Structure formats: C-alpha cells, structure tokens
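**Q** Take any residue in the sequence shown, note its place counting from 1, add 491, and you have its number in the numbering used here.
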Amino acid sequence: MSELQLAVIDVKPGAAMESQSGLQMLRPRIYGAFRAPQGPKKVAAIVMHPTSNFMGHYLIGPLAERGICCMGLNSRFVGNDTVLLMERAIQDLGAGVQYLRAAGYEKVFLVGNSGGAALASFYQAQAEKLTATHLPDGDPTHLHPSDLPPVDGIALCAAHLGRTRLMRDWIDPSVTDEHDPLSVNPELDMYDPRHRVPYDSDFLARFSAAQKARLDRIEQWAIDRLALLRNTPGAPRDQTFIVYRTHADPRCVDLSLDPNDRLPGSVWGDARQVNYSANAMGRTTSLTAFLSQWSSRSQADGPTNLARTTVPKLLLTYTGDQSTFPSTRDAWMAAGESRIRNVDIVGGNHYLAGQPELIPKAADAIAEFAHAL
492 MSELQLAVID VKPGAAMESQ SGLQMLRPRI YGAFRAPQGP KKVAAIVMHP TSNFMGHYLI
552 GPLAERGICC MGLNSRFVGN DTVLLMERAI QDLGAGVQYL RAAGYEKVFL VGNSGGAALA
612 SFYQAQAEKL TATHLPDGDP THLHPSDLPP VDGIALCAAH LGRTRLMRDW IDPSVTDEHD
672 PLSVNPELDM YDPRHRVPYD SDFLARFSAA QKARLDRIEQ WAIDRLALLR NTPGAPRDQT
732 FIVYRTHADP RCVDLSLDPN DRLPGSVWGD ARQVNYSANA MGRTTSLTAF LSQWSSRSQA
792 DGPTNLARTT VPKLLLTYTG DQSTFPSTRD AWMAAGESRI RNVDIVGGNH YLAGQPELIP
852 KAADAIAEFA HAL
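#1: Shortest alpha-carbon distance to Thr-460 belongs to which of Ala-649, Met-681, Asn-565 and Lys-533?
#2: Please name the residue, chosen from Val-538, Leu-706, Ile-662 and Val-602, that lies closest to Leu-647 on a Cα-to-Cα basis.
#3: For Ala-527, which of Arg-656, Ala-555 and His-635 has the nearest alpha-carbon?
#4: Please say whether Val-538 and Cys-489 have beta carbons closer to each other than 9 Å?
#5: DSSP puts Thr-808 in a beta bridge; with which residues?
#6: So, at 8 Å on beta carbons, what are the nonlocal neighbours of Lys-532 in its own chain, with the 5 sequence-adjacent residues on each side left out?
#7: Which residues does DSSP list as the beta-bridge partners of Tyr-522?
#8: What are the uninterrupted segments assigned as beta strand (DSSP E) that are 3 or more residues long and contained completely in the region 618-659, given in chain order?
#9: To the nearest whole angstrom, what separates the beta carbons of Gly-563 and His-548, a pair I think is in contact under 8 Å?
#10: What are the boundary residues of the beta strand (DSSP E) that Ser-777 is part of?
#11: Could you check if Arg-697 is buried or exposed, using at least 16 other CB atoms within 10 Å of its CB as the buried criterion?
#12: Have a look at the DSSP bridge pairing and note the partners of Met-539.
#13: What does DSSP give as the partner residues of Ile-733 in its beta bridges?
#14: Can we say the region 637-652 touches the region 766-781, given the rule of at least three CB pairs closer than 8 Å?
#15: When we look at the beta-carbon of Lys-620 and count the other beta-carbons within 10 Å, is it buried (16 or more) or exposed?
#16: Do you know offhand how far Val-802's Cα is from Ala-616's?
Structure follows, in structure tokens:
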C-alpha cells in the first residue's frame, strides 16, 4: 500500500477568534492525510466532516487499494464546533478540491460520511449555483464561485440528514430550565421508567411537539440576543451559550420505531448518559454558529441541497446504524431522484466499528461508483 501523506492547505481567513491558536489565525490552514495509488491520476476522493478528525478515516487505505486517491480532510473547526459556520466549512472543502485538481486528478468526488453527508451536499449545491451570499445572521459570507470548484460525484454513507435535522430529532424536550441541566418535566422525559418501551403514540406526539417548541424558543432567543448585541454600541458581535441535553431520540431505545438492524443505545454508548454529558452535540455554541448549524435558518440541510445538484450520487445505507434509519435513507433517495442508487451494507453500525469485514464491501461499492464517473 502507498504511504500515508500529509496535505497542508492554506485557506482564506474567517471570523475573528475562530481559533484560539495565534499561528492558525496568522496563517489559516487545514490539514489532510491521503494515500495515492501508483499510476495515472484518474480519480480522487475527499472524505470530510464539519468537525470530526477524518485524517484516519477507515476508507482512505481501502479506496487507495482500489485505485482511488482518498484524502481524509479536516476543516478549520476540527474538534470544536462552538463557532463553526457551515458556510466557512464548505470553503475549506473547496480548498481541498482545488488541491486535488492542482495535483492533476481528472475526476474528484466527495464521500459524505455521517455529518459529512450534508456538508458534501451543501458544497456541491453551492458549487453549481452560489446562493449562500450571507450567513443566517446577515453577515456576508464572502464566498466566490472560484472557492467552490464543482466535483464529479457524491457518495454518501451512514449519512445524517444535516445538523438542523439532528438537533430537531435529538433535543430533549423535558428540560424546564435552560440554565439547569438537571431540570426535567417527567411527562416529557423519554428516559423516565414510567414511559415504557414501546412508547405509545400519544407520548410520541407530545414529545415531538415539545422538541420543536424548545428548539423554536432557543432559536428565537438567539436571534433576539444577536440583535441586542449588534444594536448595542461597544458590545461584542457574538457570544456563546449552552444547550443542555441534546440526545433524546426515542429511536435509541424503542427499536420498533423506524426499525432496522440496530442494537439499543446510541452511537456513543448509553443514550441517557450521552444526553447528560458535558461534551455532546451542540452543547456549547455561539449565536452565529447555532444559526448556521442547528437552527431552521441553516442553509446546510442535506436533502434540500442534494436535490439541487446534478452529479451522479451513491448512498450506502448501514442497516445496523443507531443514528440513520429507513426514513433517513428514504429522504436521501427522494432528494437524489433518478441520479442516486442505494446499496445496503447489511448489519453495518455507524462507524463500522468492530466490523472489519464490512469495510471492503463499502469500499467496493464506492470504487465501482467512482470508476464509472
């Protein structure tokens, strides 16, 4: 197998203090790792997530063995989504595409894995027609078409629908005090033993409505708070806040809902423990990052953006995933219409963790797709 190589890529500056590293702020860079097969530079892939470190992604080596240069690329927000702007993340992804184009690869495609699926879809939608001229907070993005060279295809795997939909599905509606992580309305607490699995339809309806109501309240507070800051002379343009308990999806414990081959629990372990943990999805966020990632104003919804793209698409459904479901697959398939094909990776969990026999199956499907571009 070819050696793992490091890519160091300069990127355009973003917001003030988007990093606590002075070196990063003085010279913004992103980093990737790739394996390049011997021979002609036919096709290359980028697998990237808004915030996860993908430099050790499980597909890098297997795709290289199948004749595809695969780069695991990190955004400038790796490991910290507190100030993450999806509009800046696609700019970083574009820098990676430019890097591979400059290296001479004839075809470049995106592998949208997990939260990278909505990122890849957002990227290509904007590459084909740039509409994200402003952030959800109203500031200009300063994106230019040259920042976003179009790719030749998109392969999605274990694909979340986007951060705004995740928050809507996962936020805990039983929180009664946004400043107290222990506050709880037992009537809406899916982890309260009085609510038995399988959940009844009345509880699920009340639960879902309360999820939306809580998220709407937080979003309106963020909008109002941002307006106050920006209308107050001398005030900062942004601030951070905490969103407690963001892992309460009934599907984690009720396997009769949206059934697939999954085991009970979360992709990160015990769902209730994750819900109460100090470091979880969307826990700490700035006002602007909340609007860009988690709110209804986000421009980065996965299926909405995928529907705007014209390139060939592949979807790999991991049927044992605890965070993507048949309804997830159906949403992607509806968005892709005739330009998408689904392949089931039977029994696959979200990370294919402990399932080394399934990684070649995923790589084979992606390689077949890539070599046909």
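In this text, a Cβ means the ideal position worked out from N, Cα and C, and glycines have one as well. Small disclaimer: the values here were computed from a predicted structure and weren't measured.
**A** Looking at the coordinates:
#1: The first residue shown for the chain is 492 and the last is 864, placing residue 460 beyond what the model contains.
#2: Residue Val-602 is the option with its Cα nearest to Leu-647.
#3: Cα-wise, what sits closest to Ala-527 is Ala-555.
#4: Residue numbering for the chain in the displayed model covers 492 to 864; residue 489 lies beyond these limits and cannot be assessed.
#5: Paired residues: Asp-835.
#6: Only Cys-560, Ala-594, Gly-595, Tyr-596 and Glu-597 meet the Cβ criterion.
#7: DSSP lists Val-499 as the bridge partner or partners of Tyr-522.
#8: Considered as a whole, the region 618-659 harbours 645-648 as its complete beta strand (DSSP E) runs of no fewer than 3 residues, in chain order.
#9: Contact between Gly-563 and His-548 holds, since their C-beta atoms are separated by about 4 Å, short of 8 Å.
#10: First-last of the beta strand (DSSP E) with Ser-777: 775-777.
#11: Exposed, because fewer than 16 other Cβ atoms sit within 10 Å of the Cβ of Arg-697.
#12: Met-539 pairs with Leu-564.
#13: The partner list for Ile-733 (beta bridge, DSSP) reads Thr-775.
#14: Segments in contact, no.
#15: In summary, Lys-620 is exposed, with fewer than 16 beta-carbon neighbours lying within 10 Å of its beta-carbon over all protein chains present.
#16: Taking C-alpha positions only, Val-802 is separated from Ala-616 by approximately 10 Å.
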